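**Student:** Shown below is the structure under consideration.
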Amino acid sequence: MTGGLQVTALPPLPEVVPGDDLAALIRAVHPAPFPSGAALVVSHKVVSKAEGAIVRLADVVPGPRAHELAAALGKDPVVVQVVLDQSSEIVRARRGVLICRTHHGLVAAHAGVDGSNVDEGWCVTLPADPDGSARALRDALPGRPAVVIADSFGRPWRHGQAEVAIGCAGLVALDDQRGARDRQGQELQATQIAIADQVAAAADLVRGKASGQPAVLVGGLQRWTTAEHGPGAASLRRAADEDLFGA
Numbered sequence: 707m708t709g710g711l712q713v714t715a716l717p718p719l720p721e722v723v724p725g726d727d728l729a730a731l732i733r734a735v736h737p738a739p740f741p742s743g744a745a746l747v748v749s750h751k752v753v754s755k756a757e758g759a760i761v762r763l764a765d766v767v768p769g770p771r772a773h774e775l776a777a778a779l780g781k782d783p784v785v786v787q788v789v790l791d792q793s794s795e796i797v798r799a800r801r802g803v804l805i806c807r808t809h810h811g812l813v814a815a816h817a818g819v820d821g822s823n824v825d826e827g828w829c830v831t832l833p834a835d836p837d838g839s840a841r842a843l844r845d846a847l848p849g850r851p852a853v854v855i856a857d858s859f860g861r862p863w864r865h866g867q868a869e870v871a872i873g874c875a876g877l878v879a880l881d882d883q884r885g886a887r888d889r890q891g892q893e894l895q896a897t898q899i900a901i902a903d904q905v906a907a908a909a910d911l912v913r914g915k916a917s918g919q920p921a922v923l924v925g926g927l928q929r930w931t932t933a934e935h936g937p938g939a940a941s942l943r944r945a946a947d948e949d950l951f952g953a
């Protein structure tokens, strides 16, 4: 296989606020059609802000469960209530961290609720439908590049965070190679490559968290880009009944 990836951060965008047309902001810094075989990786935070997925903490009234968890974990009960509102299940609550299953089925620290890169007194939640957001953004961009919406997740048994795809369109999110043969002719039994996650992680290497560059173009993905939107990042989520570490 020849060639390689080309990973380029787009110029900074202005501060995104609810109601902004994110596609128009991206077109303003990249007016030319996007090339074929490319994916545009966008931080979930600008998607959430444009869609109004932000919460004013002064408007939140914590309930008894939020107070209980906040006391046990040393957290602000208001923030805990926001986390609970975004969660379908608390997977673990210990060492000051809430690991939650979101309403999307994602398992993330604090259900993805984040207070960084937002005005004091506010927090950002995940988009309500990340795959739907990716499809809508893709259709509004010249050249219809694949779109990946990315967020930082921790990894079990490893330090540090890495970007993963919480939404995507026009990209094979999961390259299922089971049934193929390796070079020795043995059948692959478990190989499924998380293409969308690896594209999201590659994009994060060329931007800083405070760079104002939430959009990154990753070229050289012809093997995995598709004309159809595809099943999206939902295909990457492991079902709860497949959890080997849960209670």
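The sequence shown begins at 707 in our numbering and counts up by one. Ideal Cβ positions, reconstructed from N, Cα and C, are used throughout, including at glycine. Note that the structure is a prediction, hence the values are computed from the model and not measured.
1) List the endpoints of the continuous beta strand (DSSP E) containing L923.
2) State the start and end residues of the unbroken beta strand (DSSP E) segment that holds L804.
3) Can you grab the Cα-Cα spacing for the pair G936 / A875, in whole Å?
4) Would you kindly check if the distance between the Cβ of V853 and the Cβ of V905 is under 8 angstroms?
5) Quick check on the burial criterion: 16 or more other C-beta atoms within 10 angstroms. Buried or exposed for G710?
6) Identify which residue in A815, G827, W930 has its Cα closest to the Cα of P862.
7) Following the continuous alpha helix (DSSP H) through Q712, name the residue where it begins and the one where it ends.
8) Can you find the residues in the same chain that come closer than 7 angstroms, C-beta to C-beta, to M707, ignoring five residues on each side of it along the sequence?
9) Judging by CA-CA distance, which residue of D727, P741, H750, A902 is the nearest neighbour of L832?
10) Alpha carbon to alpha carbon, how far is E869 from A730? Give it in angstroms, no decimals.
**Tutor:** Answer, in terms of the structure:
1) Counting from one through the sequence shown, the residue named residue 923 turns up at place 217. From DSSP, the beta strand (DSSP E) with L923 extends over 921-925.
2) As a first step, residue 804 is located in the sequence shown; it is residue number 98 there, counting from the start. 803-808 is the span of the beta strand (DSSP E), which, as asked, contains L804.
3) Here residue 936 corresponds to residue number 230 of the sequence shown, with the count starting at 1. Here residue 875 corresponds to residue number 169 of the sequence shown, with the count starting at 1. Near 6 angstroms, if we compare the C-alpha coordinates of A875 and G936.
4) Mapped onto the sequence shown, residue 905 falls at position 199. Mapped onto the sequence shown, residue 853 falls at position 147. No, these two residues do not count as a Cβ contact at 8 angstroms.
5) The residue given as residue 710 occupies position 4 in the sequence shown. It counts as exposed.
6) What you label residue 862 is simply residue 156 of the sequence shown in a count that begins at 1. The shortest C-alpha separation from P862 is found at A815.
7) Sequence index remark: in the sequence shown, residue 712 carries index 6 (1-based). It is not in any alpha helix (DSSP H) - Q712 instead sits in the beta strand (DSSP E) that spans 712-715.
8) One-based indexing of the sequence shown puts residue 707 at position 1. The pLDDT assigned to M707 is 43, lower than 50, so where the model puts this residue is not dependable; a value taken from the coordinates is nonetheless given after this. Contacts found: none.
9) Residue numbering aside, residue 832 sits at position 126 when the sequence shown is read from its first letter. Among D727, P741, H750, A902, the Cα nearest to that of L832 belongs to H750.
10) On the sequence shown, position 24 is the one that residue 730 refers to. On the sequence shown, position 163 is the one that residue 869 refers to. In this structure, the straight-line span from the alpha carbon of A730 to that of E869 is close to 24 angstroms.
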